[in-house]
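Notes to accompany the following structure.
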Amino acid sequence: MEIEKYFESSIIDAIRRDINLASQQEIFLVGFINEENRIIDYHLLARGNEGMVPAIVNDLKPGNIIIHNHPSGDLRPSAADIRLASVMGNKGIGFAIINNNLSEIYVVVEPKQPHVEESLDGNEIISLFEDDNKLAEHLHGYEYRQQQIDVVREVVDSFNKHHNILIEAGTGTGKSFAYLIPALYWSYQNKITVVVSTNTINLQEQLIDKDLVLLQKVLPFSFKAVLVKGRSNYVCKRKLHRIEKNAKDYLADLPEKEIEFIKILNWIDQTVTGSRSELNFVTRTDIWDEIASESDLCLRTNCPFFDNCFFMKARKEVFSADLLVANHHLLLSDILLKNEIGEDSHGILPKYRNLIIDEAHNFADVATLHLGRPFYNKVFKKLLDRFFNNKHSLLPRLRSKIAALKVDKKKEILELIDYKLITNIQDLKDMSATYERDLNNIFTEDSMGSIKISVKIKNEELWQEFVSSAEKLLGNINKLIFHTRDLYEEILSLQGLQDDFEDLLIELESYLLRCQHYADNLAFNIKAEDDEFVFWLERRNKDFINQENAPLNITEQLNEMLWNSLDNAVLTSATLSVGNSFAFCQETLGLKKTRNLIVSSPFNYEEQAELIIPEDIPAANSENFLSNIVNELGNILLSFAGRTLVLFTSYKMLNYCLHKLEKSLNANNISILAQGKYARNYIINRFKNLDRQIIFGTVSFWEGVDIKGDNLQYLIIMKLPFPVPDEPIASARMECLRNEGKNPFFHYSLPRAVIRFKQGFGRLIRSKKDKGLVISMDNRILTKSYGKVFQNSLPEGCQVNRVKLKSIAQRGIPE
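Each residue of the sequence shown is one higher than the one before, starting from 20 at the first, in this note's numbering.
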């Protein structure tokens, strides 16, 4: 092919220079084409040797063309070239091979002309929000809000100009429609997928089942919106078929599972999606794990159930959607998977360049936990059971199949299973128990919570004993990896029988990779030496102790894996700023350049709400705080007679007040719905549907609770929600700030407390008709200099008043 047809002459000379600088070895570059498909510029991405070069293919777009040279002068594509050209060609990316002096070119795949981006018409979109528009026609009680329009303008600008923006939109702004409508227009006009990520199931369901359903009636075009679920939410028909095929034998060994499996087998004929959420009965986690779809056990197109696979059907829906609604956990799992594999097509989500993160105040915390490398012994023990526990485990099934063969190596393979692998697994189960016992010994009897791994802890005898047992466990996991790899290779060597063992080989390979993952993480946690991580032990109950860790700084990883790959990101929440500044949020997430917008709530807080603070009580951080106020708290709750949400900062405080007050309140026909005692959904539904109910909540009840009307009229915040100073991540990050010469209280504790306080405060007023009273039992808002930061974070117009504690029981809601 004529080289001049594809390259400008200056580009030919430049590439020749790059090949000469690489000593005539292979180079790998990406070219950029003009409207005539001529390459007008390029970037050199990698250098190799005379036979190969690293293929760097991330972040390429339609209109790009991959080019590399064959120093031999033979321009015929290799098998690897054909595979890469096929993958890239399906994305509109070209592929070509040149010789070293650029006298010849062989174009394997022609690049597609890049799509010309179509900007959003802000005026057209804003017109939908006018009083006489379709949104008002279909949305009962719709009201024009200037705050919502301000958000719309900024979101439109973010898409058009490809910049990131942080938007704090007060409760009632209508931010969901303000970002959904521009996102849908952008997807429709440019034929690309936009991703929306939320933190809570409640918001996901609201977007899919309510907001997007309404927008199908409002917008002048149709669109496809899909709720994305992780793979483990779907049943695997092949795994279920194997159990069903051997049901009599299988259930005879496991009678306690029989009823649930019968229910599942009946359900599988009725389900539409095969998703766990569609079950009309509760199933045990261990049973669902046996039938759930798993990526590393999937046969893909070789599966006999591929055409009717629930997950593949869901994946097809995901990859053909205009707008995807995911959650932060799934979004980050997708980012990590793509980063690990280095290929977008193997992710949970398709390639996307436009992202909206709602409930963004939680994103940094979710990312921190996802970027850790924990070791969960309980999960590892489940893997050992899947290897060898009963005749339905992998090794007995493999042994049975091999025993039936007439092959020369049968005896050696059976001995490898019987005397090495099975013996190894039995030893591992014993060592796992010893590891768990020694881990338990580090905690004082019956204590729960976390222990940060410090130099002092490492020097203690109990830690040394634990390390000894952990290293023995690690050594035997590595031994299991070695024997498993041997077994895998022995089966592969059985000439002509590989197809017969395909299912079992995939399962064996999967367990091998998982063992390696557990070994790497266990080794990382035993050493606990990486200065960029904090390490700790987490004890939830006597049978559930984990080795945890988390990076101290996530900004570099988020920039590398997420922000740098996007055209624009919209991050929004009702609580992102501290003192009208986004600095804390930007620093935490590594967002160096963003536009920022704060819009206040359209609610009239001057008339709808009041914050009162008792000035005559001990400081909330004093030793006698609770004992001094608990009786008066009881009088207040008795006076309010329900309609009250009490927010605590710890279960210890919650349970103390529950123990002291429940009996007297019950005697007056007032019920306390305490988190930890009842399920969250049960608490909220009972509170909404019955009178004289009080919620005692902590942790998750500070956000995501949406109770409108007279059901909730009183909100009591027991204590300002500062991070627990000895919580491992908090203490480690504060120590880092201290080492940097910064004040950890003002740079970490205070901003986090203010954001959480704003979230808690926002539980009360949820509509323009709501009225209520907020009581802060923590008077440091009045007595400490930093109290002004909390006061300044309140919604505009909200009155703050000092009162006597005993007067609160007589207070009513604002008139």
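The beta carbon of each residue, even a glycine, is placed where N, CA and C say it ideally should be. Small disclaimer: the values here were computed from a predicted structure and weren't measured.
| Item | Value |
| --- | --- |
| Residue closest to Leu-121, alpha-carbon to alpha-carbon, out of Gly-113, Trp-307, Leu-94, Asp-140 | Leu-94 |
| Helix, strand or coil at Gly-50 according to DSSP, with G and I counted as helix | strand |
| As assigned by DSSP and simplified to three states, the class of Gly-108 | helix |
| Coarse secondary structure for His-348, derived from DSSP in three states | helix |
| Of the listed residues Val-793, Pro-770, Asn-615, nearest to Ile-184 (C-alpha basis) | Asn-615 |
| Cβ neighbours of Gln-223 in the same chain (closer than 7 angstroms, five flanking residues each side left out) | Thr-217, Leu-246, Val-344, Asn-346 |
| DSSP three-state assignment for Tyr-253, whether helix, strand or coil | strand |
| Identity of the residue in Val-291, Thr-320, Ser-312, Glu-279 nearest Phe-300 by Cα | Glu-279 |
| Where Ser-177 sits in the DSSP three-state scheme | helix |
| Coil, strand or helix - Gln-514 by DSSP | coil |
| Glu-642 versus Met-737 - alpha carbon distance | 14 angstroms |
| Validate contact between the region 620 to 639 and the region 694 to 709 using beta carbons, cut 8 angstroms, 3 pairs | no |
| Collapsed DSSP secondary structure at Leu-673 in the structure displayed | helix |
| As assigned by DSSP and simplified to three states, the class of His-502 | helix |
| Beta-carbon spacing of Phe-776, Pro-740 below 8 angstroms | yes |
| Sub-8 angstroms separation of Leu-40 and Leu-64 beta-carbons | no |
| Start-to-end residues for the alpha helix (DSSP H) that takes in Arg-334 | 329 to 338 |
| C-beta contact flag for Asn-373 and Trp-582 at 8 angstroms | no |
| Proximity below 8 angstroms, CB of Glu-651 to CB of Lys-825 | yes |
| Extent of the continuous alpha helix (DSSP H) run through His-389 | 382 to 389 |
| Which listed residue (Asp-377, Pro-323, Ile-186, Leu-571) has its alpha carbon closest to that of His-348 | Asp-377 |
| Contact under 8 angstroms by Cβ, Val-589 with Val-174 | yes |
| Which listed residue (Gly-779, Pro-770, Ile-375) has its alpha carbon closest to that of Lys-807 | Pro-770 |
| Beta-carbon spacing of Leu-527, Leu-413 below 8 angstroms | yes |
| The region 690 to 699 touching the region 709 to 716, judged by at least three CB pairs closer than 8 angstroms | yes |
| Three-state class that DSSP yields for Ala-266 in the structure shown | helix |
| Outcome for Glu-722 when other beta-carbon atoms lying within 10 angstroms are tallied against a minimum of 16 | buried |
| Cβ-based burial, Val-597 [other Cβ within 10 Å; buried from 16] | buried |
| Cβ-based burial, Val-126 [other Cβ within 10 Å; buried from 16] | buried |
| The region 129 to 137 touching the region 153 to 160, judged by at least three CB pairs closer than 8 angstroms | no |
| Member of Glu-434, Leu-532, Ala-547 whose CA lies at the smallest distance from the CA of Leu-417 | Glu-434 |
| Contact check, Val-214 vs Tyr-371, beta carbons under 8 angstroms | yes |
| DSSP-derived helix/strand/coil call for His-62 | strand |
| Rounded distance between the beta-carbons of His-380 and Ile-774, thought under 8 angstroms | 5 angstroms |
| Sequence-distant residues of the same chain with beta carbon closer than 7 angstroms to Asn-544, five excluded per side | Phe-394, Phe-554, Gln-566, Asn-568 |
| Any non-hydrogen atom of the ligand NAP within 7 angstroms of Ile-703 CB | No copy of the ligand NAP occurs in the structure displayed, which carries no ligand at all. |
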